[in-house]
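Going by numbering that gives the first Met the number 0, the sequence shown opens with residue 0, and the numbers climb by one from there.
Below: the structure, in structure tokens.
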Amino acid sequence: MLIPAARLLVVTVWCGSLWTIGYLVAPTLFATLTDRALAGTIAGSLFRIEAWLSVVAAVTLFALERAAPAAQRLGRRHLLLAGGMLACTLVGYFVLHPFMAELRAAAGPGGVMASELRARFGMLHGISSGFYLLQSLLGVALVIGLRPRETAERT
Numbered sequence: 000m001l002i003p004a005a006r007l008l009v010v011t012v013w014c015g016s017l018w019t020i021g022y023l024v025a026p027t028l029f030a031t032l033t034d035r036a037l038a039g040t041i042a043g044s045l046f047r048i049e050a051w052l053s054v055v056a057a058v059t060l061f062a063l064e065r066a067a068p069a070a071q072r073l074g075r076r077h078l079l080l081a082g083g084m085l086a087c088t089l090v091g092y093f094v095l096h097p098f099m100a101e102l103r104a105a106a107g108p109g110g111v112m113a114s115e116l117r118a119r120f121g122m123l124h125g126i127s128s129g130f131y132l133l134q135s136l137l138g139v140a141l142v143i144g145l146r147p148r149e150t151a152e153r154t
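Here it is as structure tokens:
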């Protein structure tokens, strides 16, 4: 009983933080702060924390799966969803983000949005946002799939 509860807690923290930062906190920063560069810097810091939290959550989830008795193991679908979420983090943050950071640094004090690098930055940001959305949707499927069996059998 301990492993399923721990697994549910890990998925809850992972998905809850993902959705909160991406769809509540970051948009609120840009809507509230007049300095968009500052909003972007703060959001970037939060997304860095979220990326590392995603890696830790995925590794923890996979470790719990290895430690679970056969009767408490997740199905292949759940592991693929978690693996997909991890892949989205790895590509979106650890592959694309360094390119975006290079563009920000190359743009200088005026900021990337006021430079000729704006279009390239916008394209990378859009792709990164797409991976974040995909990760969020995979998280929805994972959370729904982890409902307790007795609840799933009643519905």
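Glycine included, every Cβ here is placed at the ideal spot set by N, Cα and C.
DSSP state of A36 mapped onto helix, strand, coil: Here A36 sits in helix by DSSP.
Roughly how many angstroms separate the alpha carbons of R103 and M112, rounded to a whole number? Cα to Cα, the separation comes out at about 9 Å.
Measuring CB to CB, does S135 end up less than 8 Å from G21? A contact, by the Cβ cut-off of 8 Å.
Report the three-state DSSP secondary structure of R119 (helix, strand or coil). R119: helix per DSSP, three-state reduction.
Cutting at 7 Å between CB atoms, please list the residues of its own chain near E49, excluding the five before and the five after it. Cβ within range, chain order: S16, L17 and I20.
Put L73 into one of helix, strand or coil per three-state DSSP. Here L73 sits in coil by DSSP.
Tell me whether A50 sits in a helix, a strand or coil according to DSSP, three-state version. When secondary structure is reduced to three states using DSSP, A50 falls in the helix class.
Do L7 and L132 have their C-beta atoms within less than 8 Å of each other? Taking a C-beta distance under 8 Å as the contact criterion, L7 and L132 do not qualify as a contact pair.
Beta-carbon proximity list for I126, same chain, < 7 Å, skipping 5 on both sides: Leaving aside the five residues that flank I126 on each side, the residues in its chain whose CB is nearer than 7 Å to its CB run, in chain order, L95.
Residue nearest to V58 in terms of C-alpha spacing, selected from L32, A86, G110 and G121: Closest in alpha carbon position to V58, among L32, A86, G110 and G121, is A86.
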